[in-house]
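**Student:** Below are the structure tokens for one structure; questions will follow.
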Amino acid sequence: MSHPLLAELATFLDAAGILTGPATEGYMIDGRRRYHGQNLAVLRPRSTEEIAAVVKACARHGVAMVPQGGNTSLCGGATPDESGHAVVISMERMNRVLSVDEGNNTITAEAGAIIADVQMAALNAKRLFPADWGAKGSARVGGALGTNAGGLNVLRYGNMRELTLGLEVVLADGRIWNGLRGLRKDNTGYDLKQLFIASEGTLGIITRATFKLFPLPTAQSTALVPVTNPQGAVDLLRGLQHELGDRITSFELISQRCWELLAQYCPELPKPFAELPQWTVLVEVSDGGADEHLLDRFAEALIALGGDDALIAQSRSDAEDFWQLREAIPEAQKRKGVSIKQDIGVPTSAFPQFLVEAQAALKSEFAEADIIAFGHLGDGNLHYNVFMQDVTKAAYAHEPRINELVYAVVQRHNGTISAEHGIGQLKRNLLPHFRSDVEMALMHDIKRALDPNNLMNPGKLLAD
Ligand SMILES: Cc1cc2nc3c(=O)[nH]c(=O)nc-3n(C[C@H](O)[C@H](O)[C@H](O)COP(=O)(O)OP(=O)(O)OC[C@H]3O[C@@H](n4cnc5c(N)ncnc54)[C@H](O)[C@@H]3O)c2cc1C
């Protein structure tokens with residue numbers, strides 16, 4: 293431990309709290325293996341107080357800190373740079389769900405708690421914690437808040453920002469801000485927690501959070517509904533919402549290419565369609581009423597809206613099969629090889645036109661472009677991924693131009709270049725092209741006010 297910081301940390305962190313050398317390797321690579329950082333050490337504190345002491349020591353020594361949760365955000369946000377001068381602060385040992393307040397319908401967890409564990413603790417109290425997505429078994433509370441993660445239930449319950457009532461945060465100077473209030477109404481000035489949500493660890497380290505819980509749905513129905521085109525999907529969404537209100541919990545679009553990829557690369561999975569539809573929507577509705585009642589109303593609404601050929605799950609196991617297919621699309625892509633991935637959002641009503649224009653723009657320059665579009669149409673967010681003929685890392689050479697073509701269409705429709713995964717290192721140079729000068733200046737002002745020495749996850753979200 294040659295660095296004086298490490299000697300100081302060793303006075304209050306236990307041996308398992310400071311990793312150096314080969315033991316840190318797994319923390320250095322981001323989920324897509326695009327970024328490989330170096331570190332001074334990986335620190336694994338066990339409490340808010342230890343984090344506060346770590347932050348104070350790092351601030352004194354001028355050492356940058358990179359908070360890391362499950363490392364699943366896929367844009368290099370939790371990976372240190374290559375200088376080897378930063379410490380990674382892993383939240384993995386602060387992984388407890390602390391309490392459920394049944395009367396207040398809230399749950400409080402440490403920032404290293406795994407999302408699936410928070411779901412399970414809520415379920416044990418017969419409540420729903422609706423944050424849910426493919427990486428729920430690895431993603432942790434602090435990372436999910438750091439990126440304002442969304443997922444499969446946003447349409448009805450909102451993303452992490454909307455689920456959060458209170459935060460505890462260690463600030464860049466080591467002070468602890470306890471904003472862990474479980475209040476649904478609180479008009480006492482600036483809503484400080486919002487600053488830290490989606491800040492990607494650049495303003496402070498979230499240590500605990502209090503979330504809203506919801507009644508467990510007692511009835512659920514799930515269907516795969518073929519639609520002729522994306523406009524048909526948008527019309528179906530609005531029609532179903534008219535018929536069933538906010539019982540529409542998830543509304544996911546799946547293109548024909550996704551079904552083809554699943555058949556080719558995940559042949560072990562069920563094949564629900566003999567003939568692959570051009571477009572399909574995976575819809576889930578949920579409610580507190582009797583199952584038959586909801587199922588009947590859902591089936592009637594689908595027929596009334598032209599979805600006669602919908603496959604409606606007849607059991608929870610059917611529904612799980614449908615979801616397994618949807619969640620296997622990223623895996624099928626991974627098995628095929630490297631694609632250029634985009635996590636874009638436009639107003640839901642603009643999606644049909646976006647898809648036409650983006651495809652035309654791509655095909656005009658890259659006839660070979662193989663477009664895989666799927667995702668959270670109900671939230672106005674799609675994963676829009678492009679395979680080139682070469683599916684090795686060499687395909688990344690086309691990334692800047694593909695981004696340019698697609699993002700120009702996104703911009704025309706007042707959309708966003710990151711609806712879920714955040715900016716990280718991957719998109720930090722693009723951000724100023726998609727947020728106005730005033731917005732960028734405000735973001736830099738906030739960063740300077742909260743982290744004047746730029747030690748909190750430097751080089752992420754905002755380019756230095
Ligand atoms: C298969 C798969 C499916 C996915 N599906 C979705 C989806 O549907 N919707 C969605 O929104 N995302 C999705 N994601 C992305 C990812 O799971 C989320 O962004 C997730 O919330 C990140 O959590 P994490 O713990 O892995 O964070 P990390 O990747 O470790 O960190 C993310 C960011 O948060 C910061 N951070 C970590 N901990 C803290 C802390 N305690 N305080 C402050 N900052 C912190 C990090 O520095 C980094 O900038 C998916 C990812 C995968 C691999």
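Numbering-wise, the sequence shown is residues 293 to 756 according to my numbering.
Don't be surprised by glycine CBs; every beta carbon is placed ideally from N, CA and C.
No experiment lies behind these values; they were computed from the predicted model shown.
1) Should Asn749 be counted as a contact of ligand 1 given a C-beta to heavy atom distance under 7 Å?
2) Take Val410 and list the residues in its own chain whose beta-carbon comes closer than 6 Å to its own, dropping the five residues that flank it on each side.
3) Of the residues Gly629, Gln634, Ile621, Ala700, which one's Cα is nearest the Cα of Ala652?
4) Per the DSSP calculation, Val759 is bridged to which residue(s)?
5) Can you tell me whether Pro562 is buried or exposed? The criterion is at least 16 other CB atoms within 10 Å of its CB, across all chains shown.
6) For Gln645, report the span of its alpha helix (DSSP H) as first-last.
7) Using 8 Å as the threshold, is the C-beta distance between Ala687 and Val730 below it?
8) Please state the DSSP three-state secondary structure of Lys504.
9) At a cut-off of 7 Å, is Glu460 close to ligand 1 when judged by its beta-carbon and the heavy atoms of the ligand?
10) Give the secondary structure of Gln330 by DSSP, where H, G and I count as helix, E and B as strand, and everything else as coil.
11) Below 8 Å between beta carbons: does that hold for Pro359 and Asn331?
12) What are the boundary residues of the alpha helix (DSSP H) that Val434 is part of?
13) Given this structure, state the Cα-to-Cα distance separating Trp469 from Val379, to the nearest angstrom.
14) Which of the three DSSP states, helix, strand or coil, is assigned to Thr398?
15) What's the gap between the Cα of Lys504 and the Cα of Glu567?
16) Tell me the DSSP secondary structure of Met748 in three-state form.
17) Does the pairing of the stretch 517-532 with the stretch 567-578 give three or more beta-carbon distances under 8 Å?
18) Classify Glu341 as buried or exposed, calling it buried when 16 or more other Cβ atoms lie within 10 Å of its own Cβ.
19) Relative to the alpha-carbon of Phe279, which residue among Thr499, Thr541, Leu487 has its alpha-carbon at the smallest distance?
20) Under a three-way DSSP split, which group does Glu576 fall into?
21) I need the DSSP call for Leu457, collapsed to helix, strand or coil.
22) Determine, using beta carbons only, whether Ala624 and Tyr676 come nearer to each other than 8 Å.
23) May I ask whether a heavy atom of ligand 3 can be found less than 7 Å away from the beta carbon of Glu712?
24) Output the distance between the C-alpha atoms of Ile694 and Leu647, rounded to the nearest integer angstrom.
25) Can you tell me whether Leu332 sits near ligand 1, meaning its C-beta is under 7 Å from at least one heavy atom of the ligand?
26) Excluding the five sequence neighbours on either side, which residues of its own chain have a C-beta within less than 6 Å of the C-beta of Thr510, listed in chain order?
27) I'd like to know whether the C-beta atoms of Asp662 and Phe679 end up nearer to each other than 8 Å.
28) Under 7 Å from any heavy atom of ligand 1, does the C-beta of Ser430 make it?
29) For Ile489, which of Leu529, Leu437, Arg467, Arg720 has the nearest alpha-carbon?
30) First and last residue of the beta strand (DSSP E) that includes Phe666?
31) Looking at the unbroken alpha helix (DSSP H) that takes in Ser512, where does it start and where does it end?
32) My assumption, with CB atoms under 8 Å, is that Asn673 sits in contact with Ala711. Please give the rounded CB distance.
33) Less than 7 Å separating the Cβ of Val358 from some heavy atom of ligand 1?
34) Give every residue of the same chain whose Cβ lies closer than 8 Å to the Cβ of Leu298, excluding the five residues on either side of it in the sequence, and list them in chain order.
35) Please classify Ala315: is it buried, with 16 or more other beta-carbons within 10 angstroms of its beta-carbon, or exposed?
36) Just grab the DSSP bridge partners of Asn677 for me.
**Tutor:** Quick look at the numbers:
1) Here residue 749 refers to the residue found at position 457 when the sequence shown is read from its first residue. The nearest non-hydrogen atom of ligand 1 is less than 7 Å from the C-beta of Asn749.
2) As a position in the sequence shown, residue 410 is number 118, starting the count at 1. Answer for Val410: Val389, Ala401, Phe421, listed in chain order.
3) The count along the sequence shown starts at 1 and reaches residue 652 at position 360. For the residues Gly629, Gln634, Ile621, Ala700, the minimum Cα distance to Ala652 belongs to Ala700.
4) In the structure as shown, the chain starts at 293 and stops at 756, and residue 759 therefore has no counterpart that could be examined.
5) Along the sequence shown, one-based indexing puts residue 562 at 270. It counts as exposed.
6) In the sequence shown, counting from the first residue as 1, residue 645 sits at position 353. From DSSP, the alpha helix (DSSP H) with Gln645 extends over 643-657.
7) For the purposes of this step, residue 687 is identified with residue 395 of the sequence shown, where counting begins at 1. For the purposes of this step, residue 730 is identified with residue 438 of the sequence shown, where counting begins at 1. Contact flag unset, no.
8) In the sequence shown, residue 504 corresponds to position 212, counting from 1. Lys504 falls in the strand class under three-state DSSP.
9) Here residue 460 is taken as the residue at index 168 of the sequence shown, counted from 1. Not under cutoff, so the answer is no.
10) Position 38 of the sequence shown, counted from the first residue, corresponds to residue 330. In this structure, Gln330 counts as coil in the three-state DSSP scheme.
11) Mapped onto the sequence shown, residue 359 falls at position 67. Mapped onto the sequence shown, residue 331 falls at position 39. Their beta carbons are not under 8 Å apart, which means Pro359 does not touch Asn331 by this criterion.
12) In the sequence shown, counting from the first residue as 1, residue 434 sits at position 142. Residue identity differs from the one stated: residue 434 is Gly in this sequence, not Val. Its alpha helix (DSSP H) spans residues 433-438.
13) As a working note, residue 469 is residue 177 in the sequence shown. As a working note, residue 379 is residue 87 in the sequence shown. Taking the straight line from one Cα to the other gives about 22 Å.
14) Locating residue 398 in the sequence shown gives position 106, where the first residue counts as 1. Residue state, collapsed to three classes: strand.
15) What you label residue 504 is simply residue 212 of the sequence shown in a count that begins at 1. What you label residue 567 is simply residue 275 of the sequence shown in a count that begins at 1. If I take the Cα positions, the gap works out to 42 Å.
16) Walking along the sequence shown from the start, residue 748 turns up at place 456. It is a strand residue.
17) The answer is yes - the stretch 567-578 touches the stretch 517-532, with three or more Cβ pairs under 8 Å.
18) Start at 1 with the first residue of the sequence shown, and residue 341 comes out as number 49. Exposed, because fewer than 16 other Cβ atoms sit within 10 Å of the Cβ of Glu341.
19) Residue 279 lies beyond the stretch modelled for the chain, which goes from 293 to 756, so this question has no answer here.
20) Here residue 576 corresponds to residue number 284 of the sequence shown, with the count starting at 1. Strand at Glu576.
21) By 1-based counting over the sequence shown, the position of residue 457 is 165. The answer is strand: DSSP assigns Leu457 an E or B state.
22) Indexing the sequence shown from 1 puts residue 624 at position 332. Indexing the sequence shown from 1 puts residue 676 at position 384. In this structure, Tyr676 does not lie closer than 8 Å to Ala624 by Cβ.
23) Because ligand 3 does not appear in the structure shown, any question about it cannot be addressed here, the ligands present being ligand 1.
24) Taking the sequence shown and counting its residues from 1, one reaches residue 694 at position 402. Taking the sequence shown and counting its residues from 1, one reaches residue 647 at position 355. Going by the C-alpha atoms only, they are around 14 Å apart.
25) Here residue 332 corresponds to residue number 40 of the sequence shown, with the count starting at 1. Outside the cutoff, so no.
26) In the sequence shown, counting from the first residue as 1, residue 510 sits at position 218. The answer, listed in chain order, is Gly580.
27) As a position in the sequence shown, residue 662 is number 370, starting the count at 1. As a position in the sequence shown, residue 679 is number 387, starting the count at 1. For Asp662 and Phe679, yes; Cβs fall inside 8 Å.
28) The sequence position of residue 430 within the sequence shown is 138, counting from 1. Of the heavy atoms belonging to ligand 1, at least one sits nearer than 7 Å to the Cβ of Ser430.
29) Translated into positions along the sequence shown, residue 489 becomes position 197. Taking only the C-alpha atoms, the option nearest Ile489 is Leu437.
30) As a position in the sequence shown, residue 666 is number 374, starting the count at 1. Annotation: the continuous beta strand (DSSP E) that includes Phe666 extends over 662-667.
31) One-based indexing of the sequence shown puts residue 512 at position 220. The sequence shown places Gln at residue 512, rather than the Ser named in the question. For Gln512, no alpha helix (DSSP H) encloses it; the enclosing beta strand (DSSP E) starts and ends at 511-519.
32) For the purposes of this step, residue 673 is identified with residue 381 of the sequence shown, where counting begins at 1. For the purposes of this step, residue 711 is identified with residue 419 of the sequence shown, where counting begins at 1. Correct: roughly 4 Å between the Cβ atoms.
33) Your numbering for residue 358 matches position 66 in the sequence shown. Correct: Val358 has its Cβ closer than 7 Å to ligand 1.
34) The residue given as residue 298 occupies position 6 in the sequence shown. Result list for Leu298: Ile310, Thr312, Leu332, Ala333, in chain order.
35) The residue you call residue 315 lines up with position 23 of the sequence shown. Residue environment for Ala315: exposed (fewer than 16 other C-beta atoms within 10 angstroms of its C-beta).
36) Numbered from its first residue, the sequence shown carries residue 677 at position 385. Ile664, per the DSSP bridge assignment.
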